[in-house]
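Chemist: Structure incoming, see below.
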Amino acid sequence: MITIQAPKTLEQLMHRMDLIAGLTIADIAEELQVKMPENLQTEKGWVGQLVEAYLGATAGNLPEPDFQHLGIELKTIPISRTGAPLETTYVCVAPLSPALGEQWRTSLVYKKLAHVLWVPIIAERSIPLKDRQIAMPFLWQMTPEQEQILKTDWGELTDLIVLGKHDEITAKLGEALQLRPKAADSSVRSAGSTEKATQRMRRQKGFIFAPVLPSRYCANNLI
DNA sequence: TGTTGATCATGT
DNA sequence: ACATGATCAACA
1 MITIQAPKTL EQLMHRMDLI AGLTIADIAE ELQVKMPENL QTEKGWVGQL
51 VEAYLGATAG NLPEPDFQHL GIELKTIPIS RTGAPLETTY VCVAPLSPAL
101 GEQWRTSLVY KKLAHVLWVP IIAERSIPLK DRQIAMPFLW QMTPEQEQIL
151 KTDWGELTDL IVLGKHDEIT AKLGEALQLR PKAADSSVRS AGSTEKATQR
201 MRRQKGFIFA PVLPSRYCAN NLI
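Going by the UniProt record's numbering, the first sequence wraps up at 223, each residue one higher than the last.
In C-alpha cells form, the structure reads like this:
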C-alpha cells in the first residue's frame with residue numbers, strides 16, 4: 001500500500017478534502033494500490049481505514065483523534081443519495097470503571113467529537129462497494145446547544161455505569177449518544193477495576209453517536 | 001423497515 | 001486484552 005504523509009496544517013487537510021470529493025472507493029483503492037474486497041461483510045471497517053490512509057491520518061488504533069497534531073477526528077459516514085445518514089457512528093469505548101470525578105470536557109467522547117472531519121460516502125447497499133462515491137467532506141464542531149445535549153447524555157450514561165446499573169442500559173437511552181455492545185461477540189466479558197475482587201464480569205460497551213446533530217450531509221452538490 | 005444488539009478484521 | 005475502523009442482520 002502507498003503511504004500518504006500526514007497533513008501538516010489544517011489548510012493542507014482542507015485541500016485534500018476538496019480532492020477526495022467525487023472519487024469512488026475504487027479510485028482510492030487504485031491510487032493507494034490496495035486490494036478491494038467484494039463487500040464489507042467480513043471487513044466492516046475497511047472503508048474507514050482506506051480513507052484514513054488516503055488523508056494521512058496518524059493515530060492508528062490509539063484512543064486519540066486521528067489527526068493527532070490537528071486534534072481532528074476523521075469519520076466516514078454512509079449516506080443515501082439524498083444525503084440522509086444510513087448508520088450511527090462509533091465514537092469510543094465506554095470505560096467499565098469510569099475515573100472518579102471524570103468530567104465531560106476531559107472525557108474521551110468530548111476529545112473525539114470536539115473536531116470531526118465527516119467524510120460522507122454515498123453507500124446505499126444496492127450500490128457496489130467499488131462504485132460508492134465520496135461526497136463533500138466537512139469539518140464539524142458542536143454548537144453550544146449540541147454540546148449541552150451530548151454532555152447530558154454522556155453524564156447520564158456514565159452515571160448508569162458508575163452506579164452499576166448495567167442491566168438498565170440499552171441503546172434506547174440518550175438523545176445523541178447511545179451505549180451499545182462493543183465486542184467480538186456476545187460472550188466476551190471483562191471486569192471493571194473496582195469489581196475485580198468480586199469477579200463481576202460485564203459486557204464491554206461503546207459510545208455511539210446517533211447522527212442527529214449534523215442531520216444531513218451534502219450528497220449531490222459540491223462533488 | 002428502522003433500531004438495537006451482535007459481529008468482523010486488524011494492530012499493538 | 002483491548003483499542004481502532006465500522007456495518008451487519010435479527011427482530012420488534
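Here a beta-carbon is modelled for each residue, glycine too, at the ideal position from N, C-alpha and C.
Any heavy atom of the ligand ZN closer than 7 angstroms to the beta-carbon of ASP66?
Modeler: As presented, the structure is devoid of all ligands, the ligand ZN included, so that no description of it is given.
Chemist: Have a look at the DSSP bridge pairing and note the partners of THR89.
Modeler: DSSP lists PHE209 as partners of THR89.
Chemist: Buried or exposed for PRO120, going by 16 or more other Cβ atoms inside 10 Å?
Modeler: Counting Cβ neighbours within 10 Å, PRO120 comes out buried, since at least 16 surround it.
Chemist: Less than 8 angstroms separating the beta-carbons of ALA6 and THR88?
Modeler: No. Outside cutoff.
Chemist: Taking the alpha helix (DSSP H) that GLN12 belongs to, which residues open and close that run?
Modeler: Segment 10-20, the alpha helix (DSSP H) holding GLN12.
Chemist: Classify ILE2 as buried or exposed, calling it buried when 16 or more other Cβ atoms lie within 10 Å of its own Cβ.
Modeler: Burial call: exposed.
Chemist: Which residue's Cα is closest to the Cα of GLN12: GLY56, LEU23, SER97?
Modeler: Comparing Cα-Cα distances from GLN12 to each of GLY56, LEU23, SER97, the minimum goes to GLY56.
Chemist: Among ALA29, THR158, MET201, which has the Cα closest to the Cα of TRP104?
Modeler: Answer by Cα proximity: THR158.
Chemist: Whole angstroms are fine: how far does the CA of LEU74 sit from the CA of ARG203?
Modeler: ARG203 and LEU74: Cα-Cα distance of roughly 27 angstroms.
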